[in-house]
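Line by line, the protein sequences are chains A and B. 897 is the number of the first residue of the first sequence in the numbering used here; add one for each residue after it. 129 is the number of the first residue of the second sequence in the numbering used here; add one for each residue after it. Down below is the structure, laid out as structure tokens.
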Amino acid sequence: MKQILAAILWGVALAAAAAIEPAPFADPATEVRYRELLAELRCPKCQNQSLADSDALIAADLRAQVRRLMQEGASDEEIVAYLVARYGDFVRYRPPVDARTFALWLGPLALLALGGMAVWAVARRARPAGPAALSLEERERLAQLLDEQGEGPP
Amino acid sequence: MKRLVWFAPALAFLALAALLYLGLGRDPEALPSALVGRPVPAFALPDLADPQRQITEAVFTGEVTLLNVWATWCSACRTEHPFLMELARRGVRILGMNYKDRPDAARVWLERLGNPYALTFIDPLGTYGVDLGVYGAPETYLIDARGVIRARHVGVLDAAVWAELEPLYQRLREEAR
């Protein structure tokens, strides 16, 4: 069973490796930069995959473009701008904060704040009120009882 | 006020349900084109019929045009082909961009199925496709007489889609006159 599982996982790993073009950059730092950038970019066809993961034709084309731009010495920002000009902000997994995206960026924070407020409100209400303060008569009676006990035999 | 607090979870649930319900009706694959409102990117690509001849973005000036991105490997392109023939019969000017395809196969396709395109240029490597923001065939762009992209449709162009595009198409034709 374990062997079968291992074989399947190995197959998946191979397929994933095959989805990425063979010849890596000669310079390992550039290769790392290339991989990191691809992971940040979204495939327009397989919308829940990054350019690095996707097997779609268009993803392969875009990887080739990114590679070419990198070889031409473009910066990460220039490459992202190149893709955004053609495919829109959609290709970025981290879109810029602007009027259209502020709900996306601030929504989770707002929800967290709302949830925190709700928890705080509920916790405050549920807190046991503690023993109520005794009235004057009750205190006198208490003292009396304690006195009686103190005086009696053990 | 206190009663409102009790209803808050139910209201929040309803709001979320409404949002998700609206989301169901949307096509998640349809992306707005980043190029709507911008001129067609410059290009020089061979004519399918005569590969010696170079076609440039100048073909779009002077007349409202549909640019249809197609390929013989694309089954949805076959599905929409009869409707493109119909549009061409009605006098709509359609240009074809044969995308990542073999020119010989493309020529056979047009001979067999009919040619709705006033002209077809070829983009065998898909590089111009990237400039246009194409992410899968078929795609259709509505381009005005000044060569500015006005609308983009991803997927099969059929009567229902055309019903949505046609008012804009007619308006652009009025403007061009």
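Beta carbons are placed, not taken as given, at the ideal position from N, Cα and C, and that holds for glycine.
Quick one: what does DSSP say residue i is sitting in, helix, strand or coil?
{"i": "Val220(B)", "result": "coil"}
{"i": "Trp198(B)", "result": "strand"}
{"i": "Ser1031(A)", "result": "coil"}
{"i": "Leu163(B)", "result": "coil"}
{"i": "Asp1043(A)", "result": "helix"}
{"i": "Gln943(A)", "result": "coil"}
{"i": "Arg988(A)", "result": "strand"}
{"i": "Pro295(B)", "result": "helix"}
{"i": "Tyr103(B)", "result": "Because residue 103(B) is not part of the residues shown, which for chain B are 129 to 305, the question remains open."}
{"i": "Ile916(A)", "result": "Its pLDDT being 49, under 50, Ile916(A) is placed unreliably by the model, and the measurement read from it follows with that caveat. In this structure, Ile916(A) counts as coil in the three-state DSSP scheme."}
{"i": "Val993(A)", "result": "coil"}
{"i": "Asp232(B)", "result": "helix"}
{"i": "Glu936(A)", "result": "helix"}
{"i": "Asp178(B)", "result": "coil"}
{"i": "Val284(B)", "result": "coil"}
{"i": "Val168(B)", "result": "coil"}
{"i": "Arg274(B)", "result": "strand"}
{"i": "Tyr256(B)", "result": "helix"}
{"i": "Tyr269(B)", "result": "strand"}
{"i": "Ala952(A)", "result": "coil"}
{"i": "Asn970(A)", "result": "Going by the sequence as given, residue 970(A) is Ala instead of Asn. It is coil, neither helix nor strand."}
{"i": "Ala279(B)", "result": "strand"}
{"i": "Asp957(A)", "result": "helix"}
{"i": "Tyr227(B)", "result": "strand"}
Could you check how far apart the C-beta atoms of residue i and residue j are, in whole angstroms? I think they sit under 8 Å.
{"i": "Leu260(B)", "j": "Val192(B)", "result": "18 Å between Cβ atoms; not a contact."}
{"i": "Arg963(A)", "j": "Tyr930(A)", "result": "7 Å"}
{"i": "Pro169(B)", "j": "Gln182(B)", "result": "About 15 Å separates the two Cβ atoms, so there is no contact after all."}
{"i": "Gly224(B)", "j": "Tyr245(B)", "result": "4 Å"}
{"i": "Ala204(B)", "j": "Gly254(B)", "result": "In fact, because the Cβ distance is near 17 Å, the residues do not count as touching under 8 Å."}
{"i": "Leu965(A)", "j": "Leu947(A)", "result": "Contact doesn't hold; Cβ gap of about 13 Å is too wide."}
{"i": "Pro266(B)", "j": "Cys202(B)", "result": "6 Å"}
{"i": "Ile250(B)", "j": "Phe188(B)", "result": "That pair is no contact at about 17 Å."}
{"i": "Leu176(B)", "j": "Ala234(B)", "result": "6 Å"}
{"i": "Val987(A)", "j": "Leu937(A)", "result": "5 Å"}
{"i": "Gly190(B)", "j": "Ala273(B)", "result": "6 Å"}
Kindly indicate if chain B contains any beta-carbon less than 9 Å away from that of residue i.
{"i": "Ala952(A)", "result": "yes"}
{"i": "Gln961(A)", "result": "yes"}
{"i": "Leu1053(A)", "result": "Beyond the ends of chain A as shown, which are 897 and 1050, falls residue 1053(A); an answer cannot be given."}
{"i": "Pro940(A)", "result": "yes"}
Against chain A, does residue i count as a neighbour if the rule is that its beta carbon must be under 9 Å from one of theirs?
{"i": "Asp232(B)", "result": "no"}
{"i": "Gln298(B)", "result": "no"}
Cβ-heavy atom distance between residue i and the ligand GTP below 8 Å?
{"i": "Arg996(A)", "result": "Only the bare structure without any ligand can be found here, which leaves the ligand GTP out of the picture."}
Taking three-plus beta-carbon pairs below 8 Å as touching, is the segment 190-208 of chain B in contact with the segment 228-240 of chain B?
-> Yes, the segment 190-208 of chain B is in contact with the segment 228-240 of chain B.
Contact list for the segment 248-266 of chain B against chain A, Cβ threshold 9 Å: Answer set for the segment 248-266 of chain B: Leu253, Gly254, Thr255, Gly257, Val258, Asp259, Leu260, Gly261, Val262, Tyr263, Gly264.
Quick one: which residues of the segment 973-984 of chain A get their C-beta closer than 8 Å to a C-beta of chain B? List them in chain order. Contact residues of the segment 973-984 of chain A toward chain B are Val980, Ala981, Arg982, Tyr983, Gly984 (C-beta to C-beta distance below 8 Å).
- prompt: With a cut-off of 8 Å, do at least 3 Cβ pairs link the segment 972-982 of chain A to the segment 275-288 of chain B?
  reply: Output reads no: the segment 275-288 of chain B does not touch the segment 972-982 of chain A.
For this session: Inspect the CB distances between the segment 945-955 of chain A and the segment 1000-1008 of chain A and report whether three or more fall short of 8 Å.
Result: These segments do not touch.
Query raised in the report: Should the segment 137-146 of chain B be regarded as contacting the segment 239-253 of chain B, the criterion being three or more beta carbon pairs within less than 8 Å?
Result: Between the segment 137-146 of chain B and the segment 239-253 of chain B there are fewer than three inter-stretch CB-CB distances shorter than 8 Å, so the stretches are not counted as touching.
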